[in-house]
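There are 2 protein chains.
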Amino acid sequence: MAKNDMHREWALKTRGQEESGALVESVVEILDCAALCFTEMGFQGTSIDDVARRLGATKGRIYHYFRSKTDLFFEVHREGMRRLMDAVGEAKAAGGTGRETLTRMLEAHALTMMQNIAYEAVVVQGVHMHRLGATTPEQRISLDELMDIRHKFELLFVETFRQGQADGSIRQDADVSLAVKGMLGAVNWMAIWYRPRSGESPEQQRAMARRITELQIGGIAG
Amino acid sequence: MAKNDMHREWALKTRGQEESGALVESVVEILDCAALCFTEMGFQGTSIDDVARRLGATKGRIYHYFRSKTDLFFEVHREGMRRLMDAVGEAKAAGGTGRETLTRMLEAHALTMMQNIAYEAVVVQGVHMHRLGATTPEQRISLDELMDIRHKFELLFVETFRQGQADGSIRQDADVSLAVKGMLGAVNWMAIWYRPRSGESPEQQRAMARRITELQIGGIAG
DNA sequence: GTTGCAACATACTCCGTAGTATGCGAATCC
DNA sequence: GGATTCGCATACTACGGAGTATGTTGCAAC
Chain V
59 MAKNDMHREW ALKTRGQEES GALVESVVEI LDCAALCFTE MGFQGTSIDD VARRLGATKG
119 RIYHYFRSKT DLFFEVHREG MRRLMDAVGE AKAAGGTGRE TLTRMLEAHA LTMMQNIAYE
179 AVVVQGVHMH RLGATTPEQR ISLDELMDIR HKFELLFVET FRQGQADGSI RQDADVSLAV
239 KGMLGAVNWM AIWYRPRSGE SPEQQRAMAR RITELQIGGI AG
Chain B
59 MAKNDMHREW ALKTRGQEES GALVESVVEI LDCAALCFTE MGFQGTSIDD VARRLGATKG
119 RIYHYFRSKT DLFFEVHREG MRRLMDAVGE AKAAGGTGRE TLTRMLEAHA LTMMQNIAYE
179 AVVVQGVHMH RLGATTPEQR ISLDELMDIR HKFELLFVET FRQGQADGSI RQDADVSLAV
239 KGMLGAVNWM AIWYRPRSGE SPEQQRAMAR RITELQIGGI AG
């Protein structure tokens, strides 16, 4: 029952400055490897030893920082969501019509997906795992929290969509919820097919994000 | 080394008539339960005993028809893809402009997703598992075969898209591959969020399929 | 310079689960 | 009507992998 609880603590603040540097670095390294493993082999398909091997370390190192495999997965998920939230939130902050804002948000979403493909693939997986009934109560709390964030994320888009309908930049006759789910689906699906081509420049990624976004906003009608 | 190979054989013909009825029925029952389990708990999260319990039977019944858990998963995947292919293929067969055809295909895709949500959720999962490196050579062949079908499926849309560009019903300036990936993503994502509301009529489902399709074709611009 | 703790590594335990070997009643064949 | 095969159930094995208990090393503080 040793209360060595550095375990969870750091995750909560997650941003309380440099935090002694080396410590954070070690944790981030674990998260990175875990994200890759989970992405390639799935949650259940990944063993802690797999992650450790990839780290060039052993289980000990991982269990020193994370209570359980599920916790580790959640932390990767959380980090992925945080990056999405940050990018989209910033895009929403700048002004413009609803449609302009929505375009920027979607573009930011797509770009974040591409630049953090491992983390975001885990996020997608986590959403899919949503109805994974059999977990400990403690873990279910974490999962519910993540789903709550997810919901807030979707709400950002819904709000902007409605704002666009109000200012006339977005068509009135659309089912908002369905439209947003469709748009987000198109971008989220990138987690499945997108893999960075070697030597792909940020500018190329940005261009691709713009193109996929533009199609979602403007449709394909000729 | 008993060569009791009813195992795989039936799957290959898969369509050689009623096939003595009761046999097929038993297999289909297994596939249905497996689809539900895989959907709810994921591939690795589902044990053969889980599927058996849901069947009100034991492992024996399952291993009598399927060589391994992976085989069972693939068979569910295959069936899901078959249903998609059938629906979309039929939609493509009827004439019209490229855009009209593409609209019908996408609608059929969406509707099939809704009406076979368990199977199609497994399909989505299977696509995600694509790069599951560590399988037996035999299973990798199955997986590659499924990915090939998947690719052909996407090709159906790409062809129609190009046809639409040729006949002027679809804008010329779009990146075809990216556009199709986006559209399919929007619909595939339904596997994540869509669950049939109790008492939902086929007509309501059809309406939803139409709406989400129309948004993908026409965009949201006001 | 020794006490203490952080940051791991090593060496286990223990249980769930895939796969197998075998049993067994009922239908089918000859 | 005996033999054989089908369609499962039962009983077992074997192993991988999550989690734990316990070292071990280095740095920091005093």
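Chain order of the listed sequences is V and B.
The opening residue of the first sequence carries number 59 in our numbering; numbering runs sequentially from there.
The opening residue of the second sequence carries number 59 in our numbering; numbering runs sequentially from there.
Glycine included, each C-beta is placed from N, C-alpha and C at the ideal position.
Consult DSSP for residue i and reduce its assignment to one of helix, strand or coil.
i: E67 (chain V); result: For E67 (chain V), the predicted model reports a pLDDT of 47, less than 50, meaning its position is unreliable; a value from the coordinates is still stated below. Of the three classes helix, strand and coil, the one that applies to E67 (chain V) here is helix, per DSSP.
i: K61 (chain V); result: With a pLDDT of 34 at K61 (chain V), under the threshold of 50, the modelled position of this residue cannot be trusted; read the value that follows with caution. Residue state, collapsed to three classes: coil.
i: A267 (chain V); result: helix
i: G44 (chain B); result: Any question about residue 44 (chain B) goes unanswered here, given that chain B covers just 59 to 280.
i: L273 (chain V); result: helix
i: Q262 (chain B); result: helix
i: Q197 (chain B); result: helix
i: A249 (chain B); result: helix
i: G114 (chain V); result: coil
i: G257 (chain B); result: coil
i: F101 (chain V); result: coil
i: F215 (chain B); result: helix
i: F124 (chain V); result: coil
i: T72 (chain V); result: In this prediction, T72 (chain V) scores a pLDDT of 39, lower than 50, which makes its location untrustworthy; no coordinate-derived value is stated.
Quick one: what's residue i bridged to in DSSP?
i: I228 (chain B); result: V:A279
Look at the Cβ atom of residue i, then the Cβ atom of residue j, and state whether they are nearer than 8 Å.
i: G243 (chain B); j: N174 (chain V); result: no
i: H122 (chain V); j: G184 (chain V); result: no
i: A176 (chain V); j: T97 (chain V); result: yes
i: T155 (chain V); j: S227 (chain V); result: yes
i: T271 (chain V); j: A145 (chain V); result: no
i: M187 (chain B); j: G100 (chain V); result: yes
i: G240 (chain V); j: R229 (chain B); result: no
i: R157 (chain B); j: G103 (chain B); result: no
i: R141 (chain B); j: A149 (chain B); result: no
i: A249 (chain V); j: A179 (chain V); result: yes
i: F132 (chain V); j: L204 (chain V); result: yes
i: R112 (chain B); j: L94 (chain B); result: yes
i: E212 (chain B); j: V181 (chain B); result: no
i: L164 (chain V); j: R269 (chain B); result: no
i: I275 (chain V); j: I278 (chain B); result: yes
i: F219 (chain B); j: L160 (chain B); result: yes
i: Y252 (chain B); j: M139 (chain B); result: no
i: A166 (chain V); j: L130 (chain V); result: no
With respect to the alpha helix (DSSP H) encompassing residue i, which residues constitute its N-terminal and C-terminal limits?
i: Q173 (chain V); result: 156-173
i: M187 (chain B); result: From DSSP, M187 (chain B) is part of no alpha helix (DSSP H); its letter is neither H nor E.
i: D233 (chain B); result: It is not in any alpha helix (DSSP H) - D233 (chain B) carries neither H nor E in the DSSP assignment.
i: A149 (chain B); result: 127-151
(message) Taking beta-carbon pairs under 8 Å, can you tell me which members of the segment 251-270 of chain B lie near chain V?
(response) Those residues of the segment 251-270 of chain B that come within reach of chain V (Cβ to Cβ, closer than 8 Å) are W251, M266, R269, I270.
(message) Output needed in chain order: residues of the segment 136-159 of chain V with a Cβ under 8 Å from some Cβ in chain B.
(response) Within the segment 136-159 of chain V, those residues whose Cβ lies closer than 8 Å to any Cβ of chain B are, in chain order, R157.
(request) Below 9 Å between beta carbons is the criterion; list the residues of the segment 81-94 of chain V that meet it against any residue of chain B, in chain order. (result) Listed in sequence order: no entries.
(request) Output, in sequence order along the chain, the residues in the segment 95-114 of chain V whose CB is closer than 8 Å to any CB in chain B. (result) Hits within the stretch, in order: E98, M99, G100, F101, Q102, G103.
(message) Please list, in chain order, the residues of the segment 236-252 of chain B that have any C-beta partner in chain V closer than 9 Å.
(response) Interface annotation for the segment 236-252 of chain B against chain V: L236, A237, K239, G240, M241, L242, G243, A244, V245, N246, W247, M248, A249, I250, W251, Y252, criterion Cβ-Cβ distance under 9 Å.
(request) May I ask you to list, following chain order, the residues of the segment 196-223 of chain V that have a beta carbon less than 9 Å from some beta carbon of chain B? (result) Cβ contacts with chain B: F219, G222, Q223.
(request) Taking a Cβ distance cut-off of 7 Å, strictly less, list which residues of the segment 167-178 of chain B are near chain V, in chain order. (result) Of all residues in the segment 167-178 of chain B, none places a beta-carbon less than 7 Å from a beta-carbon of chain V.
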